[in-house]
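In order, the protein sequences belong to chains C and X.
Read in the numbering used here, the first sequence has 152 at position 149, and its numbers run on one by one without any break.
Read in the numbering used here, the second sequence has 689 at position 121, and its numbers run on one by one without any break.
Just so it is clear, CB atoms sit at the ideal spot from N, CA and C, and this is done for glycine as well.
Model, not experiment: these values are computed from the prediction.
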Amino acid sequence: MEGSALVQVAGFPVALDRSYHAESHMWVFRTGLAHVRIGMDSLGLETSGTLAQLSFAPVGSELTAGRPFGQLEAAKFVGPLISPVTGTLLAVNDDVVTDASLAERDPYEAGWLIDASLDDPFDELQGLLADPAAVSAWFADKIAEYRLQGVISE
Amino acid sequence: MTDELRVIDFGHSSPLRSQTLWHAVAYGVSAGAPATLSFVRPAEPYVCLGYHRDVAEIDLDYCRTNRLPLLRRMVGGGPVYLDQGQLFFQICLPSRSLPAIRSQALRRLLEPAVTAFHAVGVPAVLDDELEICVGDRKICGHGAGQIEDGVVVCGNLIETFDHERATRVLALSDPVHREVTLALMRRFVAATPVDPAAFRAAMAEAYSSAFGLSGAPGELSGIERKTLTDLDERFSSDGWLAGTRRSGEATVAAPRARQIKVRAGIWTFAATYDGARVTASVVRGRIEQVHLYDRALNGSSREVERAVTGIGLHSVAQVLAGFGDPGRRLATAFATADPGRI
Chain C
4 MEGSALVQVA GFPVALDRSY HAESHMWVFR TGLAHVRIGM DSLGLETSGT LAQLSFAPVG
64 SELTAGRPFG QLEAAKFVGP LISPVTGTLL AVNDDVVTDA SLAERDPYEA GWLIDASLDD
124 PFDELQGLLA DPAAVSAWFA DKIAEYRLQG VISE
Chain X
569 MTDELRVIDF GHSSPLRSQT LWHAVAYGVS AGAPATLSFV RPAEPYVCLG YHRDVAEIDL
629 DYCRTNRLPL LRRMVGGGPV YLDQGQLFFQ ICLPSRSLPA IRSQALRRLL EPAVTAFHAV
689 GVPAVLDDEL EICVGDRKIC GHGAGQIEDG VVVCGNLIET FDHERATRVL ALSDPVHREV
749 TLALMRRFVA ATPVDPAAFR AAMAEAYSSA FGLSGAPGEL SGIERKTLTD LDERFSSDGW
809 LAGTRRSGEA TVAAPRARQI KVRAGIWTFA ATYDGARVTA SVVRGRIEQV HLYDRALNGS
869 SREVERAVTG IGLHSVAQVL AGFGDPGRRL ATAFATADPG RI
């Protein structure tokens with residue numbers, strides 16, 4: 004993940020070398036044919052509030068796209084971390100469990116959440132946003148929407 | 569979502585049931601039961617931990633000696649003491665009926681409670697940090713969570729509050745820390761003793777109105793009763809109580825400082841570093857009270873305490889830099905405090 008093509012969109016960093024699950028604000032970076040690293044993008048983190056804790060399903064758990072693979076607590080609200088892929092949880096980033104703020108400080112590198120294998124390495128990522136121009140446009144739209152709603156500051 | 573708001577008053581329940589009943593409701597709502605507003609009052613006092621919190625935060629010997637059960641809930645927040653003087657409410661809706669952004673969902677779920685407080689004569693406000701307050705005193709604790717596809721927010725009407733016991737159940741090795749915490753707890757957490765029946769009625773009206781639902785008394789479904797039995801077993805198990813941060817696992821985070829949040833923006837902490845010791849209270853970002861020790865201060869700790877009292881937490885390191893090695897050790901101890909994470 005060296006040189007992760009990080010760009011700023013309206014004040015929020017986004018890495019253009021990976022795919023995004025728009026609803027959950029999770030990114031997916033392919034680390035091998037059937038292996039991916041998963042994290043949360045800067046906008047998803049910003050709108051969650053100050054992270055207090057992260058916890059994850061045990062290594063070896065089955066992942067289902069659209070279903071939780073862990074929990075995120077912010078502002079006394081415990082909510083699900085939604086998996087963008089179907090596969091198997093291979094590893095958890097212990098550093099973010101120890102210090103959840105790492106995910107906020109470095110969401111696209113050191114603040115990754117889990118490593119996973121894909122059930123279907125060919126089609127699994129097809130439904131995600133991957134084209135850099137589309138990712139940038141989506142990010143810009145969401146920032147504008149959240150600012151309009153007062154969820155994030157100008 | 570149906571257009572019904574099911575209202576269930578569970579009355580007085582055992583400590584275990586005062587948790588498992590509304591968790592069963594949340595699973596029920598997730599599976600298609602109507603949005604539900606429930607009430608429960610614990611029949612006996614107990615202590616409850618937030619989903620991610622560590623059992624080590626509780627003085628287990630004190631709880632054992634005083635027969636206070638310890639339970640873990642599935643929603644967030646810190647350890648709390650619950651007793652008969654608090655009427656607990658839970659509002660649960662399907663996640664699809666709420667904004668996806670957590671802060672928006674939480675605000676939407678707390679605003680009707682503020683309306684209800686007003687209806688019974690309590691001039692409550694929902695502040696920017698989503699605490700329900702009168703003036704600068706918190707009058708309603710809350711925690712929130714998503715249980716499968718049901719989003720639940722819990723809170724309480726505090727009719728009486730045992731500040732001393734609420735502090736005593738916490739594991740605090742430093743007596744000064746306990747004293748400072750109790751003082752802030754008394755100052756910033758207040759009871760609003762109103763008629764609980766009127767409050768329940770006002771809550772049902774406020775939530776029905778806010779969500780365009782028709783309130784109607786209800787009860788648990790058969791499936792929820794089965795879930796309740798399962799939850800009774802789960803919540804009674806040692807594994808559940810141990811939580812997500814079981815001792816000995818690689819993912820356990822060593823506490824960087826012992827921190828107690830009294831309400832948003834109001835907290836205390838105690839920390840040590842290389843023989844230096846800090847106990848402090850922080851009120852809206854400023855050090856209000858501080859007790860310092862370092863072996864090299866040779867009786868001059870009062871001077872250092874005066875220097876940091878009243879200053880912003882972010883300025884502490886700069887001020888302590890003027891006190892040589894002891895100042896650096898104390899600054900390192902201060903740096904372990906992280907109020908945003910409690």
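Sequence-distant Cβ neighbours of residue 66/C in its own chain, meaning closer than 7 Å and more than five residues away, are 72, 86, 88, 89, 90, 91, 92, 119. Taking 4 residues as the shortest admissible run, the region 728-762 of chain X contains the following complete alpha helix (DSSP H) segments, listed from N- to C-terminal end: 731-736, 743-756. Taking 8 Å as the upper bound on Cβ-Cβ separation, chain X lies near residues 74, 76, 77, 78, 79, 80, 81, 82, 83 of the region 74-87 of chain C.
Bridge pairing for residue 662/X: 718/X [DSSP].
Here residue 841/X has 897, 900, 901 as same chain residues with Cβ atoms under 6 Å from its own Cβ, once five neighbours each way along the sequence are excluded. Beta-bridge partners assigned by DSSP to residue 74/C: 58/C, 83/C. Between the region 744-762 of chain X and the region 841-856 of chain X, the count of C-beta pairs closer than 8 Å reaches three or more; the two stretches touch. In the three-state DSSP reduction, residue 115/C falls in the coil class, being neither helix nor strand.
Annotated three-state conformation of residue 29/C is strand, per DSSP. With fewer than 16 other Cβ atoms from the protein chains shown falling within 10 Å of its own Cβ, residue 61/C counts as exposed. Residue 711/X places its beta carbon less than 8 Å from that of residue 722/X. Proximity of chain X to residue 50/C at the Cβ level (cut-off 8 Å) is accounted for by 669, 670, 671, in chain order.
The alpha-carbon separation between residue 575/X and residue 660/X amounts to approximately 11 Å.
When only Cα atoms are considered, residue 573/X and residue 903/X end up about 47 Å apart. The Cβ-Cβ distance between residue 95/C and residue 117/C falls below 8 Å. Fewer than three beta-carbon pairs drawn from the region 742-749 of chain X and the region 666-677 of chain X are found closer than 8 Å, and the two stretches are therefore not classed as touching. Interface flag for residue 644/X against chain C is set, since a Cβ pair is found closer than 8 Å.
In this structure, residue 666/X sits away from residue 771/X, with a CB-CB distance that is not shorter than 8 Å. Straight-line measurement puts the Cα of residue 579/X at about 16 Å from the Cα of residue 796/X. In the DSSP assignment, residue 686/X falls within the unbroken alpha helix (DSSP H) covering 670-687. The C-beta distance from residue 713/X to residue 598/X rounds to 12 Å, too long to meet the 8 Å contact threshold.
Inclusion of residue 107/C and residue 620/X in the CB contact set at 8 Å is not warranted, their separation being larger than that value.
Classified as buried, residue 585/X has 16 or more neighbouring CB atoms from the shown chains inside 10 Å of its CB. In the structure shown, residue 791/X adopts helical secondary structure according to DSSP, grouped into three states. If you draw a straight line from the Cα of residue 736/X to the Cα of residue 638/X, it comes to about 14 Å.
Two segments are said to touch when three or more pairs of C-beta atoms, one from each, lie closer than 8 Å; by this definition the region 22-37 of chain C touches the region 130-149 of chain C. The secondary-structure analysis by DSSP pairs residue 724/X across a beta bridge with 656/X. Residue environment: residue 45/C is assigned as buried (16 or more neighbouring CB atoms within 10 Å of its CB, all protein chains considered). A residue is called buried when at least 16 other Cβ atoms come within 10 angstroms of its Cβ; residue 864/X does not meet this threshold and is exposed. In the DSSP assignment, residue 595/X falls within the alpha helix (DSSP H) that extends over 583-598. Out of 98/C, 121/C, 152/C, 144/C, the CA that lies nearest to the CA of residue 63/C is found in 121/C.
For residue 572/X, the secondary structure class from DSSP, reduced to helix, strand or coil, is strand. With 16 or more neighbouring CB atoms inside 10 Å of its own CB, residue 618/X falls in the buried class. Beta-bridge partners assigned by DSSP to residue 24/C: 29/C.
DSSP lists no bridge partner for residue 129/C. For residue 56/C, a Cβ of chain X is located within less than 8 Å of the residue's own Cβ.
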